[in-house]
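Comments concern the structure below.
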Amino acid sequence: MYKKIGIISAMILIKLMIFHQYIGVEQQFWILTLKNFCLILALYSFIFLVKEERRKRTFYIVHFLFSMLLFVDAIYYSNFFTLVPVYSVYQIGQIGTVSDSVWYYLKPKYLLFFVDFFILFFYERHSIGDEEFKVIKITKKWRKVVALFSLTFIIGIMGISQRIVGESQGLYTPYNLGVLSYHMYDVAKFVSKPDVKPQKVEKVIEDITPTQPQLKGFGLGLNKNVIVIQAESLQGFVLDKTIEEQEITPFLNRLLRDDTLYFSRYYEQVGWGNTSDAEFISNNGLYPSSGLYSYKEYEGNTFKTLPLLLKEKGYETMVFHGNEPDFWNRKTIYPKQGFDQFISLNELEADEMMGVGLSDSSLFRQAIPILKKQNTPFYSFFVTLTSHHPFVMDKKYCKLTLPQEYEGTILGDYIQSVHYFDHALEGFIKDLKENGLYEDTVIILYGDHKAFRVEDEEHKELLSHFLGKPYEEDEMYRIPLFVHMPGQSIQEEIHCVGGQVDFLPTIANLLGLSLPPYRFLGKDLLNEEKGFAVLQPHTGRGSFIDDEKIFILGKDGRFENSKAWNLKTGKPVPLEECREGYDRAVAEVTTSEYILEYDLVPAVWEEGLKEIFMHQKIHEVME
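Below, the structure written as structure tokens:
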């Protein structure tokens, strides 16, 4: 009678084991697998509350949804190395734009999560009777018992999950919860609001460097035009790197030695909004949402951004992006970020489409006449696209001769796309010069986020071979930041560790904006003595890098399972030496989330972090 139910249970357990093994669950593998197995059985037990004639169909619907969840999780994990978060429902409409990347990660092996359907169909065709779901008679009394038992069990599991997350400083991952517990906790987290303790904010305030009377670099770009170029997937390792005696970025290599401040230890800090989050952090001096992408999560907020600060000084502000205006909710959020004009694909001629949008060369070329029409000074923000994953371009655009070992690989394609961007940028600078827009303009360039993750063993092996050293998190997160100031006769490499959250105060200083202290979480990298950058959320909350070491929180969120090493020697660093940096990283991100979740930016800018959080005014501004 119960043979089919036994077969189903066994298949669910096997699927969970395969999935947990695939994503690399090591700590407490059997405990997590069995806990999630029991949780699934508790959910499946509700099927017996359905009327007998609908029970079988209901089972197949539920079982298909569970299998589909594992299938989608597997694809998502192969790119982001976590499971599909609940907020991703807001991003379904964007799949078409990045379909090439989706197809790249779609592997036939993921269809194994549906193999059990064929086993069930085979069993039904060759078994005598198929009434397992019907023969179990459930009276009204027993319906209540089943429902009560299942609900009690589910609530108990969620309670255990809450305790585990609490022990991990709020970090919940499939490595400390398991697949289904992770998704259930994610849903619960999605509808709740963050909380922050005053002690955490006190730690953040202690680490903020107050404004100094004489700031290095202050006003070097006063009243000049500003062009910011956010380069897609540009990592730091390509600079000054050659392949077959060919420079990958010949123009950037020359640029960093000519009237340029080069921040060589600058790190990405994007959330799940990737490119859009890079924009958000840079212009706001706050961290992105650790859940939904920031341009959606905080679309109703009031901001105090770099574009808004420059508008107060008479600047015109605009964004150029060769994609659809609704992508990442840009059309809605850009006005609130302080941009007067948004020149998207709708306003440009689609004369050279590459990858996910307009080619970089075409974007730069079409921007020139628009820039010439602007009243000066202006703040112009460019978001490039050609070097977007999976980096594939038509052969005619691939100008480098690659060794056979890199031909047809994702690294080879990436190198070609970055070389293309470098050439497009050179043409843009040339056009700026020819149109009288160069000499009076500060040109800023940085990479938005990583192209390759260390969790992908194939990519890690390729990069390690290419670099001649292990490809680790310190290299993965490193992106270049250039500030090119024509005619200033400056050429300096800044070694202070920083992240994208430091963009606003650093650039504001160069542009002559005097900012009051304790209004943002970034620091001015030109005037900071000790470097520090939070690495999140693609590593566990609390991960960081400073001038001497890097700390990566354990996958299960436990401090004792973390790793740390010296950046110069590569030797392990005792974890207790990282405790202070870990606490600071957690405090900074938590404080930022709290400010944004409760729309406290106006209050913080009016009175400062210290006044709002430390003098018990937090409840007043929230009411």
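Residue numbers (the working numbering): 742 to 1364.
The beta carbon of each residue, even a glycine, is placed where N, CA and C say it ideally should be.
Please read these numbers as outputs of a predicted model, since none were measured by experiment.
Bridge partners - residue i, DSSP secondary structure assignment
i     : result
W1069 : In the DSSP output, where bridge partners are listed per residue, W1069 has none listed.
P1313 : W1306
Q971  : V1124, Y1187
I1219 : Note on residue identity: the sequence assigns Arg, not Ile, to residue 1219. Y1008, per the DSSP bridge assignment.
T983  : E988
T1182 : N966
V1275 : F1285
K1290 : N1307
Y1003 : F1223, E1234
M1094 : L1099
Cα-Cα separation between residue i and residue j, rounded to whole angstroms
i     : j     : result
K1113 : K1037 : 32 Å
L1186 : Y1008 : 13 Å
Y1028 : S1017 : 12 Å
F1004 : V1330 : 23 Å
Y846  : G765  : 18 Å
V1314 : K1290 : 8 Å
Y1179 : T1117 : 13 Å
K1201 : I1074 : 36 Å
Y1099 : F1123 : Per the sequence shown, the amino acid found at residue 1099 is Leu instead of Tyr. L1099 and F1123: Cα-Cα distance of roughly 12 Å.
P1076 : A1249 : 20 Å
L775  : W1013 : 30 Å
F863  : Y763  : 27 Å
V830  : E1233 : 45 Å
K875  : R796  : Low per-residue confidence applies at K875: pLDDT is 49, beneath 50, and the placement is therefore not dependable, though the value from the model is reported in the following sentence. Straight-line Cα distance between these residues: approximately 7 Å.
E1020 : Q1078 : 10 Å
N1268 : F959  : 10 Å
S1103 : D1092 : 7 Å
F1273 : Y1323 : 11 Å
S933  : Y1034 : 16 Å
L1266 : G1239 : 7 Å
A751  : T823  : 25 Å
M1217 : Q976  : 8 Å
K1264 : F1080 : 23 Å
D1154 : N777  : 40 Å
Buried or exposed by the 16-neighbour rule on C-beta atoms within 10 Å, applied to residue i
i     : result
P1048 : buried
S1031 : buried
H1062 : buried
N964  : exposed
E1198 : exposed
P1246 : buried
D1135 : exposed
I1353 : buried
H1236 : exposed
E1270 : exposed
S1255 : exposed
W1346 : buried
L892  : exposed
E1321 : exposed
Y818  : buried
L889  : exposed
F854  : buried
Y913  : buried
P1343 : exposed
I901  : exposed
V979  : buried
M925  : buried
8 Å contact criterion, which residue i and residue j should meet: CB distance rounded
i     : j     : result
L1089 : Q1107 : 5 Å
I1286 : D1215 : 6 Å
L1262 : S1333 : 6 Å
H1130 : A1192 : 7 Å
Q1311 : L1294 : Per the sequence presented here, residue 1311 reads as Gly, with Gln not at that position. About 19 Å separates the two Cβ atoms, so there is no contact after all.
E985  : L1143 : 7 Å
L1051 : L921  : Not quite, the Cβ-Cβ distance comes to about 48 Å (not below 8 Å), so this is no contact.
I1231 : L1002 : 6 Å
Q1115 : C1139 : Actually they are not in contact, since the Cβ atoms of Q1115 and C1139 sit about 35 Å apart, beyond 8 Å.
Residue i Cβ short of 7 Å to the ligand MN heavy atom set
i    : result
R904 : This structure lacks the ligand MN; in fact it carries no ligand of any kind.
Chain D within 8 Å of residue i, Cβ atoms only
i    : result
N966 : Any reference to chain D falls outside this structure, which holds one protein chain only.
My parser needs the beta strand (DSSP E) runs of 3 or more residues fully inside the stretch 1104 to 1164; what are they? 1119 to 1124
To test your reading of the DSSP string, which unbroken beta strand (DSSP E) runs of 3 or more residues are found completely within the stretch 1033 to 1084? 1057 to 1062, 1082 to 1084
Could you tell me which uninterrupted alpha helix (DSSP H) segments, each at least 4 residues in length, are contained entirely in the stretch 1192 to 1241, listed from first to last along the chain? 1198 to 1208, 1214 to 1217
Enumerated in chain order, which unbroken segments of the alpha helix (DSSP H) with a length of 4 residues or greater are wholly contained in the stretch 1313 to 1340? 1320 to 1338
Along the chain, which unbroken stretches of the alpha helix (DSSP H) at least 4 residues long are found entirely within the stretch 893 to 921? 915 to 918
Whole runs of the beta strand (DSSP E) within the stretch 786 to 872, excluding any shorter than 3 residues: List check, beta strand (DSSP E) in window: nothing returned.
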